[in-house]
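Using UniProt numbering, read the sequence shown as starting at 1 and increasing by one per residue.
Idealized CB from N, CA, C, for every residue including glycine.
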Amino acid sequence: MPLVEERTLENPRIGVGSGSPLFGGCAPHNPFRARLGPAPALGPAPAGPPRPAHYPRPGWEPRGPPQPPERPPCALPPPPRCSSCCSCWGRGSRLRASQNRRCPPWSLPSWPAMPSTLCPTTWARWSGWTTPGPGWPSGVPQTTTWTTPQRCCRSGWLLWATTMPLWSGGLRGSPGGDLRGTFWGRWTTAAAQRRSYPDEEGPKHWTKERHQFLMELKQEALTFARDWGADYILFADTDNILTNNQTLRFLIEQGLPVVAPMLDSQTYYSNFWCGITPQGYYRRTADYFPTKNRQRRGCFRVPMVHSTFLVSLRAEGTERLGFYPPHPNYTWPFDDIIIFAYACQAAGVSAHVCNEHRYGYMNVPVKSHQGLEDERVNFIHLILEALVDGPPMWASAHVSRPPKRPSKMGFDEVFVISLARRPDRRERMLSSLWEMEISGRLVDAVDGRMLNSSVMRNLGVDLLPGYQDPYSGRTLTKGEVGCFLSHYSIWEEVVARGLAQVVVFEDDVRFESNFKMRLEQLMKEVEAEKLPWDLIYLGRKQVNPEEEAAVEGLPHLVVASYSYWTLAYVLSLAGARKLLASQPLRRMLPVDEFLPIMFDQHPNEQYKAHFWPRDLRAFSVRPLLAAPTHYAGDAEWFSDTETSSPWDDDSGRLISWSGSYKTLRDPRLDLAGSSGHSLHPHPQDEL
């Protein structure tokens, strides 16, 4: 009689429109599903006066900004066809075209008012504009439409098709009346042979010419906003995803000249610095990590914000801000974020970062020698982190993306144990597997709440004599019985079907970066070395501080010692047979205590005496590939095993328990190179 219900899911990501994973947005109801309408038709490119070949005409916009003069040929050859965008906001009649161009005070107005801000490294074309609030001219489109952008040799995707309507909608009903705004983008067509910058090491290498081109674009955007009479301008890089539709409202309400919403990433990296040296380099301070980790909350003055920030163009001193050319007294590194920080300092304008809420995400920059595939892998991991910490990012329906091709990674089956009454965990887990292109089989876990003494007697379940939790002294819980039975049923199926090797996941697992490729590579190495194995931990908590023995010829594998957790492991057919042969239901204890007994590493000799033989060949990957989504002490932590009823108590009384040492975070995870929450941390991940 099967203990669990099994389901096969070919595409667990139900109801999510096709599109790039980079396109942000908040799911209005179910946090793990979004239904997006069809993409509107794309009209022809907007008409306008002819412009020089290097700089095509701007897109149409309703109030007719002043037409910039013909631009002389630029000394820097243009990059490939690219796109960049900005948004400008104002109130009522203030949103108008001004005849007074305000360039940096140290420069001449030699550059026309071409609006653009984002990294000029994406292939795209756009049509239309977006505005919130009532009373806008009839017949004007209310959405932004995109053709299909493709990854080019530079970087990035565009995020605006979904998030601009989202943000602008959040401004309706703001104090002082509706804010009206426009979204402006430009696209350029360059010689097809131009695919790189001189002297670059790769597509992610920021050379001086690339920095200069980006600063010129940002300066054009700033000039356009001033010429248009806007009150505010929002800058955002293409790999920054805003998921909070109240971000603009919140930033504007702060009344600060330059303010950034703190963005989360896979590591300690974010879009602000807390310290800067007199030479313009990063300086670590005691304030950074409490701010980044939201141990202190609010809006804090900092020497630098970058990537995504709002500038109040009516604030005192902001008329002296600029990106290019740099201030005549500038001697710091030639970098757009440092140049802007210097401009703020020289103009006496303060910059602030706000971390009171979760606003969105930014991808960790890859190194100059890395490529677009490395960036793609990082971004997939960022999507997985957003699914855990929320709010998640969803794909835009207006952009096509390559089809997913889930696989079992060379295993005979990938099992996903999940309680039916925890749909949020289930959806997150299935969405994570879908993003990683892993084909998982859903298994409804045995619910400890549904167990009673009669059911357990019929299943032959009895407590291991003398068992007590090693830290609290409590007895076995019904939640732990249900957990054991869920794993046990999988072991039975492995043997019944003769499955050579399988992967088992629980639904509270957090995946490390590039999980799929690293696991596939590990199994190839194990096969090449012909290592006899029964079980391999992918995520666990090592109990003893002693160094574990390395496996010769396999640098990422160690011989497992006494360990907690069964959230992710690989199991062989021989291993499943050994586990079943010990008949554990008749002398049950938690499954993560049972496994160390079977590979003879449990410290309690009395427990071990009930099982023989104890010859399970168990190993662990190092660094770990998985960790729990949350730990005891986290605000979001809860446990269906720790806080359950005693196994022999049918009254429904729950154990009052806030978590044991088992469920606390292991600080050695970071030292071992596995963070359990992020990419492997480095001493200066905040850079």
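Could you spell out where the beta strand (DSSP E) holding residue i opens and where it closes?
i	result
Leu234	Tyr232 to Ala236
Ser407	Looking at the DSSP string, Ser407 is not in any beta strand (DSSP E), and its letter there is neither H nor E.
Asp444	Arg441 to Asp444
Pro603	Counting along the chain, Pro603 falls outside any beta strand (DSSP E), and DSSP gives it neither H nor E.
Ile383	No beta strand (DSSP E) contains Ile383, which is instead part of the alpha helix (DSSP H) from Leu372 to Asp389.
Ser620	Ala618 to Val621
With distance defined between alpha-carbon atoms, name the residue in the options nearest to residue i.
i	options	result
Pro613	Val494, Ser270, Gly575 and Val455	Gly575
Asn329	Arg441, Glu220 and Gly280	Gly280
Leu538	Val621, Arg617, Glu480 and Arg376	Val621
Glu493	Gln370, Arg320, Pro391 and Leu579	Leu579
Leu442	Ile380, Leu382, Thr247 and Arg425	Arg425
Lys524	Leu554, Asp507, Val543 and Val504	Leu554
Leu624	Pro584, Ala445, Tyr607 and Val509	Val509
Gly498	Arg284, Arg577, Ile597 and Ala236	Arg577
Leu234	Leu217, Val259 and Gln212	Val259
Leu485	Pro465, Tyr467 and Met456	Met456
Asn271	Ala221, Tyr562, Met304 and Arg421	Met304
Met215	Ala397, Leu387, Phe334 and Leu567	Phe334
Ala341	Ala626, Thr285 and Cys274	Cys274
For residue i, which beta-bridge partners are listed by DSSP?
i	result
Cys354	Pro261 and Cys299
Arg510	Ala627
Leu538	DSSP output for Leu538 lists no bridge partner at all.
Asn240	Met362
Gln501	Ser572
Tyr467	Answer is none; Tyr467 lacks a bridge partner.
Ser196	Beta-bridge pairing links Ser196 to no other residue.
Met304	Trp273
Ala550	Val558
Tyr564	Lys541
Met450	BP columns for Met450 are empty, so no partner.
Thr475	According to DSSP, Thr475 bridges with nothing at all.
Ser418	Asp444
State the DSSP-derived secondary structure class of residue i, mapped to helix, strand or coil.
i	result
Gly317	coil
Lys367	coil
His211	helix
Ala45	Note on Ala45: pLDDT 35, under 50, position unreliable in the model; no value is reported.
Pro555	strand
Phe515	helix
Leu248	helix
Glu413	strand
Met523	helix
Thr188	Unreliable placement is indicated for Thr188, whose pLDDT of 44 sits below 50; the coordinate value is still reported in the next sentence. Three-state result, Thr188: strand.
Met429	helix
Thr223	helix
Pro77	In this prediction, Pro77 has a pLDDT of 35, which is less than 50 and means its spatial position is unreliable; what the coordinates show is noted afterwards. If DSSP states are grouped into helix, strand and coil, Pro77 belongs with coil.
Met393	coil
Trp434	helix
Tyr282	strand
Ser486	helix
Glu253	helix
According to the Cβ coordinates, are residue i and residue j closer than 7 Å?
i	j	result
Gly360	Thr238	no
Leu310	Leu251	yes
Lys530	Trp565	no
Leu557	Phe611	no
Ala343	Gly322	yes
Glu413	Val502	yes
Gly317	Ala347	yes
Thr267	Val364	yes
Met429	Asp507	yes
Leu585	Val461	yes
Leu535	Tyr569	yes
Ile339	Pro325	no
Ile438	Pro465	no
Leu595	Tyr467	no
residue 740	Val349	Past the boundaries of the shown model lies residue 740; the chain is included only from 1 to 687, so the question cannot be answered.
Leu616	Met598	yes
Phe511	Ala386	no
Assuming residue i is part of the alpha helix (DSSP H), what are its boundary residues?
i	result
Ala581	Leu573 to Ala581
Val311	Not the alpha helix (DSSP H): Val311 falls in the beta strand (DSSP E), residues Thr308 to Ser312.
Thr291	Tyr288 to Lys292
Gln345	Asp336 to Ala347
Ser453	Ser453 to Leu459
Pro596	Val591 to Met598
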